[in-house]
Amino acid sequence: MAQTVNVGELTLPQLELLKGQLDQEVEFLSSSIAQLKVVQTKYVEAKDCLNVLNKGNEGKWDPLPPMYVPGKLSDVECVLIDVGTGYYVEK
Numbered sequence: 001m002a003q004t005v006n007v008g009e010l011t012l013p014q015l016e017l018l019k020g021q022l023d024q025e026v027e028f029l030s031s032s033i034a035q036l037k038v039v040q041t042k043y044v045e046a047k048d049c050l051n052v053l054n055k056g057n058e059g060k061w062d063p064l065p066p067m068y069v070p071g072k073l074s075d076v077e078c079v080l081i082d083v084g085t086g087y088y089v090e091k
């Protein structure tokens with residue numbers, strides 16, 4: 001577990017080391033937040049697409065963006081959703 005340190009007792013080189021560590025941690029956390037926002041956006045887009053699917057779309061030919069080929073929607077109740085990094089979710 002981490003120890004409590006009084007920064008007033010640290011030397012200048014120790015403070016510089018601490019600052020470097022904190023800067024790295026802030027950079028890592030900022031990067032993680034940015035990645036999570038991208039995933040959140042993809043999730044919301046997938047959710048919106050599912051809300052658009054209805055029985056009226058069944059049997060229609062639509063382009064499949066990742067493959068650049070037309071595809072026929074045969075069942076609006078059973079679809080696969082790409083959630084990223086090679087993972088798919090079935091609705």
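Going by UniProt numbering, the residue at position 87 of the sequence shown is 87; the numbering climbs one at a time, nothing skipped.
Glycine is no exception: its CB is placed at the ideal position from the N, C-alpha and C atoms.
- Between the C-alpha atoms of residue 87 and residue 28 there is a straight-line separation of about 24 Å.
- In this structure, residue 54 places its C-beta atom within 9 Å of the C-beta atom of residue 76.
- CA-to-CA, the gap between residue 42 and residue 80 works out to about 14 Å.
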